[in-house]
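First to last, the sequence lines map onto chains A and B.
Numbering follows the working numbering, with no gaps: position 137 of the first sequence is 138.
Numbering follows the working numbering, with no gaps: position 36 of the second sequence is 37.
Yeah, the Cβ is synthetic: ideal placement off N, Cα and C, and Gly gets one too.
Data block below; observations after.
Number of protein chains: 2
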Amino acid sequence: MEIVDLSTLPDSETRYTEFLRQICEKHDMDHAAYAGMNPTAGTVAGYVTYGDEWKDHYQSQGLIMIDPTIHMSRRSIAPVDWSRLERSPDFQRVFRDAHDFGLPSQGVTIPVRGPYGDIGLLSATRDCSKEEWRKLYTHVIGDLQSMAVHIHDNVVTSDEFTSALYHPTLSTREAEILQWVAAGKSQQDIGDILSISHRTVEVHLRSSREKLSALTTPQAVGRAIAIGLITPG
Amino acid sequence: MEIVDLSTLPDSETRYTEFLRQICEKHDMDHAAYAGMNPTAGTVAGYVTYGDEWKDHYQSQGLIMIDPTIHMSRRSIAPVDWSRLERSPDFQRVFRDAHDFGLPSQGVTIPVRGPYGDIGLLSATRDCSKEEWRKLYTHVIGDLQSMAVHIHDNVVTSDEFTSALYHPTLSTREAEILQWVAAGKSQQDIGDILSISHRTVEVHLRSSREKLSALTTPQAVGRAIAIGLITPG
DNA sequence: TTTTCTATTGGGGGTTTCCCGTATTTAGGC
DNA sequence: GCCTAAATACGGGAAACCCCCAATAGAAAA
């Protein structure tokens, strides 16, 4: 998975990290982080209030590949309290590292899903006891969810994000053919249906795979369905 | 903020409508409604606190097809204040009807998206002035979003939602292999990964296709993703 | 206990897909 | 007007997939 550091872009740095800082202040959090994912393209873009040392370590060690907060959030609808991750094997790795860099022990990650398969993750952390965290958690979780929706809504509609997390589009013919494939038709069938050569059908399928960054047609069908380009047949 | 454990209550119908009533009471709302959609399967399941007359009218007139709250929410991440829909052409139709049945004029619809393309909509309404509504809105929107996530999470993991459609089950091996196919692996690759023969992989794929009533593997992958047996790779 | 289901492996052979080319048409940029 | 990129279209040959068959073993259900 490739990481796009949005903070290097000129205008956005101040806007979003400042917003994250405001969340911290308002809800007594030590740190906040936002990550926007495009599972199809396999890209992640984020803003954090963590120090640069941790950011560098996180990237250089490829911790994003095993980060349990990200894996958990990909399947979950509800907010994920980090205490629920403690039994995960990868948890030890990432969180011990984090602790060494002086990062807080208690945290929560809130997933937000958009209509194009995009996922936004807002995480907030605080160094405190479990009891203290529980009290704080129930008090601020509602507002944090609003904030998560708000920041994700802003990020995905901004220019820098759409260019960073490119959302593929298929041509009319490509989508049409992929739709027939999802309906269980063979290339020969589709050629007959559309009155073109099955060779041509294959070409459109190939370009569809390329646009979706898919290695095989089944993978392309899965991704196209996941981001709403076609419907399961 | 307290969360009612829905699983302790016996019957689903009363369970969810009772939960909606509690939301109304807590936040001074007149009515609340939840709709769970599976756009890929084209199914909608809902619970409302509206009267039966309006429910019957809504269904018999097919208002669900033109309901602007549903259309808006399909493309939106953020909550949709019904005042933003007033310029929609279909708005007039649905909301004039609603008004005739004595339904409130102010409302909000909160969309929640799950990992399988499923969408949950929580709506809350109140009959009051615009100023009153604005004040109430900003005060309760955070908690309403939490409630929306909570109820949708419960509904999609409940039996009645999944069993609404015929739901084939795959064996562990079948799902495992289909997941690898969705990730773009060939049969030979999967055989190497799982340390089994590629012939065995093919057998499992065949039975997967049969169980899913799919003619081809791409179709099987699409259906498996649509009903949540695997995730897009 | 018998039966059924799942998981496993293999052969033979037809079908389908996929990668390599080429070619025409169309839309958009300089 | 020219050029480039994308969309559309077609074919040969190699690789992968899929369907028929048979067979073994363990686990679960009847």
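(message) Less than 6 angstroms between C-beta atoms, sequence neighbours within five positions excluded: which residues of the same chain meet that for P69 of chain A?
(response) L86, S89, D91 and F92
(message) Give me, in chain order, the residues of the same chain whose beta-carbon lies closer than 7 angstroms to that of T18 of chain B; leave out the 5 immediate sequence neighbours on both sides.
(response) Y48 and T50
(message) Threshold first: 3 residues or longer. Then list the beta strand (DSSP E) segments lying entirely within the region 79-119 of chain A, N to C.
(response) 107-114
(request) Residues of the region 106-133 of chain B with a CB closer than 8 angstroms to any CB of chain A: list them in chain order, please. (result) V113, R114, G115, P116 and G118
(request) Give the secondary structure of S61 of chain B by DSSP, where H, G and I count as helix, E and B as strand, and everything else as coil. (result) helix
(request) Measure the CB-CB distance between I111 of chain B and G223 of chain A and report whether it falls below 8 angstroms. (result) no
(message) Do L104 of chain A and I71 of chain A have their beta-carbon atoms positioned less than 8 angstroms apart in this structure?
(response) no
(message) Looking at the secondary structure, which residues open and close the alpha helix (DSSP H) in which T218 of chain B lies?
(response) T218 to A227
(request) Please say whether A46 of chain A and G37 of chain A have beta carbons closer to each other than 8 angstroms? (result) yes
(message) Give me the DSSP bridge partner(s) of V156 of chain B.
(response) The partner list for V156 of chain B (beta bridge, DSSP) is empty, contrary to what the question assumes.
(message) Using 8 angstroms for Cβ pairs, my map puts F102 of chain A next to H58 of chain A. What's the rounded Cβ distance?
(response) 7 angstroms
(message) Below 7 angstroms on C-beta distance, what does S147 of chain A contact in chain B?
(response) I142, G143 and Q146
(message) Measuring only the C-alpha atoms, how far is Y167 of chain B from K212 of chain B?
(response) Confidence is the limiting factor: at Y167 of chain B the pLDDT is only 49, short of 50, which leaves the residue's position unreliable, though a coordinate-based value still follows. Taking the straight line joining both Cα atoms gives about 11 angstroms.
(request) Name, going along the chain, the residues of the region 68-83 of chain B whose beta-carbon falls closer than 8 angstroms to a beta-carbon of chain A. (result) R75, R76, S77, I78, A79 and P80
(request) Could you list which residues in chain A have their beta carbon closer than 7 angstroms to that of D154 of chain B, in chain order? (result) I78 and A79
(request) Give the secondary structure of Y17 of chain A by DSSP, where H, G and I count as helix, E and B as strand, and everything else as coil. (result) helix
(message) Residues of chain B with CB closer than 7 angstroms to the CB of L216 of chain A, please, in chain order.
(response) G185
(message) Just to confirm the assignment, what range does the alpha helix (DSSP H) spanning S208 of chain A have?
(response) H199 to K212
(request) Would you list the residues sitting across from R22 of chain A in a DSSP beta bridge? (result) Bridge partners of R22 of chain A: none, in fact.
(message) Report the CB separation of D154 of chain B from I24 of chain A in whole angstroms; it is logged as a contact under 8 angstroms.
(response) So it is not a contact: roughly 23 angstroms between Cβ atoms.
(request) May I ask which residues mark the beginning and end of the alpha helix (DSSP H) holding S74 of chain A? (result) P69 to R76
(request) Take Q60 of chain A as the anchor and find which of A:S196, A:M148 and A:V95 has the nearest alpha-carbon. (result) A:V95
(message) In this structure, how does DSSP classify S164 of chain B when only helix, strand and coil are distinguished?
(response) At S164 of chain B, the pLDDT of 49 sits below 50, so the modelled position is not reliable; the number obtained from the coordinates is stated separately. Of the three classes helix, strand and coil, the one that applies to S164 of chain B here is coil, per DSSP.
(request) Tell me, please, whether the CB atom of A165 of chain B is closer than 8 angstroms to any CB atom in chain A? (result) Here the model assigns A165 of chain B a pLDDT of 46, short of 50, so the residue's position is not dependable, and the following value carries that caveat. Not closer than 8 angstroms to any Cβ of chain A, the Cβ of A165 of chain B fails to qualify, so no.
(request) Name, in chain order, the residues that DSSP records as bridge partners for S124 of chain B. (result) B:A34 and B:T110
(message) Just to confirm before moving on: does the CB-CB distance between A135 of chain B and M30 of chain B stay below 8 angstroms?
(response) Per the sequence shown, residue 135 of chain B should be read as Arg rather than Ala. Not closer than 8 angstroms, so no.
(message) Closest to T64 of chain A by C-alpha separation, out of A:A99, A:G108 and A:R207, would be which residue?
(response) Reading off the sequence, residue 64 of chain A comes out as Leu, not Thr. If we check each option's Cα against that of L64 of chain A, A:A99 comes out closest.
(message) In this structure, how does DSSP classify G47 of chain A when only helix, strand and coil are distinguished?
(response) strand
(request) Step through the CB atoms of chain A and report whether any lies within less than 8 angstroms of the CB of H1 of chain B. (result) Residue 1 of chain B is absent from the structure shown; chain B starts at 2 and stops at 234.
(request) Step through the CB atoms of chain A and report whether any lies within less than 8 angstroms of the CB of R16 of chain B. (result) no
(request) With 8 angstroms as the threshold, decide whether the Cβ of V182 of chain B is near any Cβ in chain A. (result) yes
(request) Give the secondary structure of L179 of chain A by DSSP, where H, G and I count as helix, E and B as strand, and everything else as coil. (result) helix
(message) The alpha helix (DSSP H) that contains G192 of chain A, what's its start and end?
(response) Q188 to L195
(message) Against chain A, with Cβ distances strictly below 8 angstroms, would R224 of chain B count as a contact?
(response) yes
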